[in-house]
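Enquirer: Residue numbers (the UniProt record's numbering): 1 to 371. Where a beta carbon is used, it is the ideal one built from N, C-alpha and C, also for glycine. Attaching a single structure in structure tokens format; questions to follow.
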């Protein structure tokens, strides 16, 4: 989703760059003086290149854009003497550049007043160039304002939507990191509460037994026996905590997998329910579900995926179907018999009395688990 949104934004900004090149370029073509046309062409080219670099930096999170802003400012200033007098008064060359500067101002700075100041400066400079070349000031200003505001309405909207999409993506990632951190803190707190007291008592009894070895061997032996009992109890509590931590909530897993697939552009539906399942059975199904969703995301170009759950006669069946069996457009693929992921799942399910079947029919791939 981010990739396609970025491509669409780049395409829109690319049209803005082309307008910045073509409209002032007409002035280059209409200039009768070869030297002035060459200098004007250089000014227009430098400005267009700097504007394209600034646009690229604006929608690329890894690029800070400071250098691009400085280059854009330098190219804008250089374009005034180089391109200002081109084809005047037959063509208002710098008025088009001024409109491009006005439209790009919000990307030069995020401060509203500074952006408005750049817009006003572009309009005033356009009027000044008109006075310099002896052309109509009103015409220059109208061209700068109309081109700048119309371009800003189109390209600025795309950049704004792109920034909103980035913020939403970063917010989702931050939410996931926060949930993981909270879960780690909860588990650490549970382990501390369970083992803190027992380990403190074990340490004290170990110190006491060490002192009693020479003074009272019988009492030291009793303390050692208590140490063994406390250690066994602590180990049992730890295992219970870990097992509880690893308990699988299959409905939550289904909802999470469906959400991940949908956020990746795959239409996902979940049909049926398995009801309340034993912990071991739910764990087996959750592992298969994660493997299946991973295969859909990594190894196919699926547009839709259906997850069906059914329970009958003491058995539960889960079927994951998607249309991503064709990976490269060359023809339908077949299940990989040498896939360590599916083979490992098949062996694991066989130990629990379950079966796993994978089949491809055309571009539809189906993974069926019975347990």
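1. Pick helix, strand or coil for residue 367, following the three-state DSSP scheme.
2. Counting C-beta neighbours from all protein chains within 10 Å, is the total for residue 218 16 or more, i.e. buried, or is it exposed?
3. Taking just the CA atoms, how far does residue 293 sit from residue 257?
4. Express the C-alpha separation of residue 87 and residue 141 in angstroms, rounding to a whole number.
5. Going by beta carbon distance, what residues of the same chain come within less than 6 Å of residue 15, once the five residues before and after it are set aside?
6. Count the other CB atoms, across all protein chains shown, that sit within 10 Å of the CB of residue 135; report buried if there are 16 or more and exposed otherwise.
7. Could you tell me the distance, in whole angstroms, from the CA atom of residue 220 to the CA atom of residue 254?
8. Ignoring anything shorter than 4 residues, give me the alpha helix (DSSP H) runs that lie fully in the segment 92-155, in order along the chain.
9. Which residue spans inside the segment 228-316 form an unbroken beta strand (DSSP E) run of at least 3?
10. Look up residue 225 in the DSSP assignment and say whether it is helix, strand or coil.
11. If you drop the 5 nearest sequence neighbours on each side, which residues of the same chain put their C-beta closer than 6 Å to that of residue 339?
12. Determine whether the beta carbon atoms of residue 260 and residue 302 lie at a separation below 8 Å.
13. Evaluate the contact criterion for the segment 75-86 versus the segment 25-34: three or more CB pairs, one atom per stretch, below 8 Å.
14. Out of curiosity, what's the CA-to-CA distance linking residue 120 and residue 126?
15. Leaving out the 5 sequence neighbours to the left and right, which residues in its chain are closer than 6 Å to residue 305 when beta-carbon positions are compared?
16. Helix, strand or coil: how does DSSP classify residue 90 here?
17. State the beta-bridge partners of residue 359 as determined by DSSP.
18. In whole angstroms, give me the CA-to-CA distance for residue 70 and residue 94.
19. What would DSSP say about residue 318, mapped onto helix, strand or coil?
20. Quick test of your reading: residue 102 and residue 144, contact by CB under 8 Å. State the CB separation rounded to the nearest angstrom.
21. Taking the alpha-carbon of residue 82 as reference, which of 133, 113, 54, 3 has the nearest alpha-carbon?
22. If you compare alpha carbons, which of 184, 230, 226 is closest to residue 195?
23. Can you list, in chain order, the residues of its chain whose CB lies under 8 Å from that of residue 139, leaving out five sequence neighbours each side?
24. Exposed or buried, which one is residue 118 when buried takes at least 16 other CB atoms within 10 Å?
25. Rounded to whole angstroms, what is the Cα-Cα separation between residue 205 and residue 249?
26. Measuring only the C-alpha atoms, how far is residue 345 from residue 239?
27. Using the Cα positions of residue 17 and residue 188, report the straight-line distance between them to the nearest angstrom.
28. Compare the beta carbon distance of residue 54 and residue 9 with 8 Å and say whether it is the shorter of the two.
29. Measure from the C-beta of residue 119 to each C-beta in chain B and report whether the shortest distance is under 8 Å.
30. Helix, strand or coil: how does DSSP classify residue 26 here?
31. Here's the rule: buried if 16 or more other CB atoms are within 10 angstroms of the residue's CB, otherwise exposed. What is residue 162?
32. Among residues of its own chain, excluding the 5 on either side of residue 58, which ones have a beta-carbon nearer than 7 Å to its beta-carbon?
33. Under 7 Å from any heavy atom of the ligand FMN, does the C-beta of residue 229 make it?
Expert: Answer, in terms of the structure:
1. Here residue 367 refers to the residue found at position 367 when the chain shown is read from its first residue. If DSSP states are grouped into helix, strand and coil, residue 367 belongs with the strands.
2. Numbered from its first residue, the chain shown carries residue 218 at position 218. Residue 218 sits exposed, since fewer than 16 C-beta atoms from the chains shown fall within 10 Å of its C-beta.
3. Along the chain shown, read from residue 1 onward, the residue named residue 257 stands at position 257. Along the chain shown, read from residue 1 onward, the residue named residue 293 stands at position 293. In a straight line, the C-alpha of residue 257 is about 7 Å away from that of residue 293.
4. Residue mapping note: residue 141 aligns to position 141 of the chain shown, counting from 1. Residue mapping note: residue 87 aligns to position 87 of the chain shown, counting from 1. If you take the alpha carbons of residue 141 and residue 87, they lie about 17 Å apart.
5. Working through the chain shown from its first residue, we reach residue 15 at position 15. Taking C-beta separations shorter than 6 Å and ignoring five residues to either side along the sequence, residue 15 has no partners in its chain.
6. The residue labelled residue 135 in the question sits at position 135 within the chain shown. Under a 10 Å Cβ-count criterion, residue 135 is classified as buried, with 16 or more other Cβ atoms of the shown protein chains found around its own Cβ.
7. Here residue 220 refers to the residue found at position 220 of the chain shown. Here residue 254 refers to the residue found at position 254 of the chain shown. Each residue's alpha carbon lies about 55 Å from the other.
8. Fully enclosed alpha helix (DSSP H) runs of no fewer than 4 residues occupy 93-108, 112-133 of the segment 92-155, in order along the chain.
9. As summarised for the segment 228-316, the continuous beta strand (DSSP E) elements at least 3 residues long and confined to that stretch are 267-271, 304-312, given in chain order.
10. Residue numbering aside, residue 225 sits at position 225 when the chain shown is read from its first letter. Collapsing the DSSP output to three states places residue 225 in a helix.
11. What you label residue 339 is simply residue 339 of the chain shown in a count that begins at 1. With a pLDDT of only 44 at residue 339, under the threshold of 50, the placement of this residue in the model should not be trusted; the figure read from the coordinates follows. Excluding five sequence positions before and after residue 339, none of the CB atoms of its chain fall closer than 6 Å to its own CB.
12. For the purposes of this step, residue 260 is taken as the residue at position 260 of the chain shown. For the purposes of this step, residue 302 is taken as the residue at position 302 of the chain shown. Cβ distance not < 8 Å, so residue 260 and residue 302 don't count as in contact.
13. Yes, they touch.
14. Reading the chain shown from its first residue, position 120 is the one you call residue 120. Reading the chain shown from its first residue, position 126 is the one you call residue 126. Computed Cα separation, rounded: 10 Å.
15. Along the chain shown, one-based indexing puts residue 305 at 305. So the qualifying residues of the chain are 261, 266, 268, 296, 322.
16. If you number the chain shown from 1, residue 90 lands on position 90. In the three-state reduction of the DSSP assignment, residue 90 falls in the coil class, being assigned neither a helical nor a strand state.
17. Counting from one through the chain shown, the residue named residue 359 turns up at place 359. As computed with DSSP, residue 359 is found in a beta bridge with 366.
18. Numbered from 1 along the chain shown, position 70 holds the residue referred to as residue 70. Numbered from 1 along the chain shown, position 94 holds the residue referred to as residue 94. Between the alpha carbons of residue 70 and residue 94 lies a distance of about 20 Å.
19. For the purposes of this step, residue 318 is identified with residue 318 of the chain shown, where counting begins at 1. Residue state, collapsed to three classes: strand.
20. On the chain shown, residue 102 is found 102 positions in, with the first residue counted as 1. On the chain shown, residue 144 is found 144 positions in, with the first residue counted as 1. Distance from residue 102 to residue 144 at the Cβ level is roughly 6 Å; contact confirmed, criterion being Cβ atoms closer than 8 Å.
21. Counting from one through the chain shown, the residue named residue 82 turns up at place 82. Cα-wise, what sits closest to residue 82 is 133.
22. Taking the first residue of the chain shown as position 1, residue 195 is located at position 195. For the residues 184, 230, 226, the minimum Cα distance to residue 195 belongs to 230.
23. By one-based count along the chain shown, residue 139 stands at place 139. Cβ within range, chain order: 92, 95, 130.
24. If you number the chain shown from 1, residue 118 lands on position 118. Flag for residue 118 reads buried.
25. Position 205 of the chain shown holds residue 205. Position 249 of the chain shown holds residue 249. Rounded to whole angstroms, residue 205 to residue 249 spans 40 Å at the Cα level.
26. In the chain shown, residue 345 corresponds to position 345, counting from 1. In the chain shown, residue 239 corresponds to position 239, counting from 1. Taking the straight line joining both Cα atoms gives about 25 Å.
27. As a working mapping, residue 17 is identified with position 17 in the chain shown. As a working mapping, residue 188 is identified with position 188 in the chain shown. Going by the C-alpha atoms only, they are around 55 Å apart.
28. Here residue 54 is taken as the residue at index 54 of the chain shown, counted from 1. Here residue 9 is taken as the residue at index 9 of the chain shown, counted from 1. Contact flag unset, no.
29. Absence of chain B from the displayed structure is noted, only one protein chain being present.
30. Numbered from its first residue, the chain shown carries residue 26 at position 26. Secondary structure of residue 26 (DSSP, three-state): helix.
31. Walking along the chain shown from the start, residue 162 turns up at place 162. The residue is buried, with at least 16 neighbouring Cβ atoms inside 10 Å.
32. Residue numbering aside, residue 58 sits at position 58 when the chain shown is read from its first letter. Annotation for residue 58: 65, 107, 159 place their beta carbon closer than 7 Å to its own, counting only its chain and skipping 5 residues before and after.
33. Within the structure as shown, the ligand FMN is missing, as the structure has no ligands at all.
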